[in-house]
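Novice: To convert, count from 1 in the sequence shown and add 14; that's this note's numbering.
Glycine included, every Cβ here is placed at the ideal spot set by N, Cα and C.
Quick one: the structure is below, and I'll ask about it shortly.
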Amino acid sequence: MTWERVESIRAPILLMTGDGDLYTPPALLRMQARHMPHADVVVIPEAGHCANWEQPEAFNRTVLDFLRRHPG
């Protein structure tokens with residue numbers, strides 16, 4: 015996949031990472047988001063790469079809010 019192809023995505027995108035994620039650190043996620051005009055970037059506090067396990071309430075709230083804003 016090229017950046018040109020990523021930039022052509024028109025669907026809403028949720029990019030999420032933990033503030034302590036070593037695999038996809040927040041800086042890398044923000045760099046990727048610059049190529050995705052329809053992306054929401056969320057950094058979950060006190061979480062690493064597995065924010066869904068480490069901060070399940072914050073993770074679930076973020077996903078549900080995103081889905082409510084972008085139904086269907």
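1) What do you reckon, are the CB atoms on I27 and H49 nearer than 8 Å?
2) In the DSSP assignment, find the unbroken beta strand (DSSP E) run with L81 in it and report its ends.
3) What's the C-alpha gap between F73 and A65?
4) For the putative contact between E60 and D33, defined by C-beta atoms under 8 Å, what is the C-beta separation to the nearest angstrom?
5) Measure from the alpha carbon of Q69 to the alpha carbon of each residue in F80, D79 and V57, then state which is nearest.
6) Among E18, M15, E71 and T76, which one has its Cα closest to the Cα of L29?
7) Considering Cα atoms alone, identify which of D79, H63, L78 and A47 is closest to R24.
Specialist: So, to answer that:
1) Against the sequence shown, residue 27 aligns to sequence position 13. Against the sequence shown, residue 49 aligns to sequence position 35. No. Outside cutoff.
2) Walking along the sequence shown from the start, residue 81 turns up at place 67. It is not in any beta strand (DSSP E) - L81 instead sits in the alpha helix (DSSP H) that spans P70 to R83.
3) Taking the first residue of the sequence shown as 1, we reach residue 73 at position 59. Taking the first residue of the sequence shown as 1, we reach residue 65 at position 51. Each residue's alpha carbon lies about 6 Å from the other.
4) The residue given as residue 60 occupies position 46 in the sequence shown. The residue given as residue 33 occupies position 19 in the sequence shown. Between D33 and E60 the Cβ distance is about 7 Å, and since that is below 8 Å, they are a contact.
5) As a first step, residue 69 is located in the sequence shown; it is residue number 55 there, counting from the start. It is V57 whose Cα lies nearest to the Cα of Q69.
6) Locating residue 29 in the sequence shown gives position 15, where the first residue counts as 1. The shortest Cα separation from L29 among E18, M15, E71 and T76 belongs to T76.
7) Walking along the sequence shown from the start, residue 24 turns up at place 10. Among D79, H63, L78 and A47, the Cα nearest to that of R24 belongs to A47.
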